[in-house]
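Undergrad: The numbering of the sequence shown is our numbering, which starts it at 4 and goes up by one.
We treat Cβ as the ideally placed atom computed from N, Cα and C, and that holds for glycine.
These numbers were taken from a predicted model, which means no experiment stands behind them.
Okay, handing you the structure first.
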Amino acid sequence: MNFQQLRIIRETVRQNFNLTEASAALYTSQSGVSKHIKDLEDELGVQLFVRKGKRLLGLTEPGQSLLGIVERMLVDAENIKRLADDFNKVDEGTLTIATTHTQARYVLPPIVNQFKKLFPKVHLILQQASPTEISEMLLLGEADIGIATESLTTEDNLASVPYYQWEHSVITPQNHPLAKETDITLEKLANFPIITYHGGFTGRSKIDKAFEDAGIDVDIVMSALDADVIKTYVELGMGVGIVNDVAYDKERDYRLSQLKTGIFGLNTTWIAVRKGHLLRGYGYEFISLCSPEADIKQLKKVAYPDE
Numbered sequence: 004m005n006f007q008q009l010r011i012i013r014e015t016v017r018q019n020f021n022l023t024e025a026s027a028a029l030y031t032s033q034s035g036v037s038k039h040i041k042d043l044e045d046e047l048g049v050q051l052f053v054r055k056g057k058r059l060l061g062l063t064e065p066g067q068s069l070l071g072i073v074e075r076m077l078v079d080a081e082n083i084k085r086l087a088d089d090f091n092k093v094d095e096g097t098l099t100i101a102t103t104h105t106q107a108r109y110v111l112p113p114i115v116n117q118f119k120k121l122f123p124k125v126h127l128i129l130q131q132a133s134p135t136e137i138s139e140m141l142l143l144g145e146a147d148i149g150i151a152t153e154s155l156t157t158e159d160n161l162a163s164v165p166y167y168q169w170e171h172s173v174i175t176p177q178n179h180p181l182a183k184e185t186d187i188t189l190e191k192l193a194n195f196p197i198i199t200y201h202g203g204f205t206g207r208s209k210i211d212k213a214f215e216d217a218g219i220d221v222d223i224v225m226s227a228l229d230a231d232v233i234k235t236y237v238e239l240g241m242g243v244g245i246v247n248d249v250a251y252d253k254e255r256d257y258r259l260s261q262l263k264t265g266i267f268g269l270n271t272t273w274i275a276v277r278k279g280h281l282l283r284g285y286g287y288e289f290i291s292l293c294s295p296e297a298d299i300k301q302l303k304k305v306a307y308p309d310e
């Protein structure tokens, strides 16, 4: 038994039992993948995959039991390397942050700037994705830290700490009738076409729930994945925007008015890591820069109790 065989088992499952895709992901040949699987099955004396001819259809019962052990062994192998790197290369390495456009564009720039001054030799990768994709990237080991409002706290295999709280703001062109209002209500908003986030992004569920609970029909004429797109079409006069309040910049968005209403409630953006994933020291420092109040000791205890 060797680690390459274990990687092949894991990757075959991740690629929905497609050996062509698994071999491509591991930069090896399909025949080599098949041989490694057969060799491991022969060594263990059990069949790990359900087969139909040469095709793999799924995992057998022993294969399902083995998969969890394989995942843990590979994670621990990666943790051993990270632990060694923490002692040998304290201020060098790579840190991958998976986050949404809103966080990457409006919230993280000063944090990233400060982090790079502290750790100039750390290669920082910002991966923009949806909240669901961010969770998946963490679980698959494709990201070290995830930052989003949705999804991160509902996954049992992730440990999370609160980052910051925020509210939705209404944005309009400067000459819009609502721009002169001092008391914005759901009823008043519903008189205009709405442009806001796509479902699953940046608190969209709270926007929908607010109108639904009030029994108000609203015309959402356009949904977008990020605030920059929303602001562009609001500026064109196509509707009234509802965005994360941090997405409004008074200097850059001088053609728009921001109306803070408080009618959609508070949202919390979270920082998460995968349980069992040993984060390098500078990774925890990044989290501390984001949220100085975060209980890093507790996060470590939950994420990696054996550390």
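#1: Is there at least one Cβ from chain C nearer than 7 Å to Ile137's Cβ?
#2: Determine the direct distance from the alpha carbon of Ile40 to that of Leu47, and round the result to whole angstroms.
#3: Per DSSP, Phe52 is paired with what?
#4: By alpha-carbon positions, which one of Gln18, Phe118 and Glu95 ends up nearest to Ser294?
#5: Rounded to whole angstroms, what is the Cα-Cα separation between Gly196 and Val237?
#6: Any idea what DSSP makes of Gly71, helix, strand or coil?
#7: So, under 8 Å CB-CB, Asp94 and Tyr287 are touching, yes? Tell me the CB distance rounded to an integer number of Å.
#8: Can you grab the Cα-Cα spacing for the pair Gly279 / Thr135, in whole Å?
#9: Which term fits Gln177, buried or exposed, when burial requires 16 or more other beta carbons within 10 angstroms of its beta carbon?
#10: Among Asp229, Ala297 and Gly144, whose alpha-carbon lies nearest the alpha-carbon of Glu81?
#11: Which stretch, first to last residue, makes up the beta strand (DSSP E) that contains Ala25?
#12: Could you tell me whether the region 28 to 40 touches the region 64 to 84, using the rule of 3 or more Cβ pairs below 8 Å?
#13: Whether or not the region 141 to 155 and the region 97 to 114 are in contact is what I'm after, with contact meaning three or more pairs of Cβ atoms, one per stretch, closer than 8 Å; do they touch?
#14: Quick one: grab the DSSP three-state call for Pro295.
TA: Checking against the coordinates, here is how it stands:
#1: Looking at the structure shown, chain C is missing, and only one protein chain is on hand.
#2: Within the sequence shown, numbered from 1, the residue matching residue 47 stands at position 44. Within the sequence shown, numbered from 1, the residue matching residue 40 stands at position 37. Those two C-alpha atoms are separated by around 11 Å.
#3: Within the sequence shown, residue 52 is the residue found at index 49, counting from 1. DSSP lists Leu62 as partners of Phe52.
#4: Residue 294 sits at position 291 when you count from the first residue of the sequence shown. That would be Phe118, whose Cα lies nearest to the Cα of Ser294.
#5: Sequence index remark: in the sequence shown, residue 196 carries index 193 (1-based). Sequence index remark: in the sequence shown, residue 237 carries index 234 (1-based). Checking the displayed sequence, the identity of residue 196 turns out to be Pro instead of Gly. Going from the Cα of Pro196 to the Cα of Val237 covers about 10 Å.
#6: Taking the sequence shown and counting its residues from 1, one reaches residue 71 at position 68. Looking at Gly71 - three-state DSSP - the assignment turns out to be helix.
#7: By one-based count along the sequence shown, residue 94 stands at place 91. By one-based count along the sequence shown, residue 287 stands at place 284. With a Cβ gap of about 13 Å, Asp94 and Tyr287 do not count as contacting.
#8: Here residue 279 corresponds to residue number 276 of the sequence shown, with the count starting at 1. Here residue 135 corresponds to residue number 132 of the sequence shown, with the count starting at 1. If I take the Cα positions, the gap works out to 20 Å.
#9: Reading the sequence shown from its first residue, position 174 is the one you call residue 177. Flag for Gln177 reads exposed.
#10: Numbered from 1 along the sequence shown, position 78 holds the residue referred to as residue 81. For the residues Asp229, Ala297 and Gly144, the minimum Cα distance to Glu81 belongs to Gly144.
#11: Position 22 of the sequence shown, counted from the first residue, corresponds to residue 25. Ala25 -> not in any beta strand (DSSP E); alpha helix (DSSP H) instead, spanning Leu22 to Ala28.
#12: no
#13: yes
#14: Residue numbering aside, residue 295 sits at position 292 when the sequence shown is read from its first letter. Note: Pro295 maps to coil in three-state DSSP.
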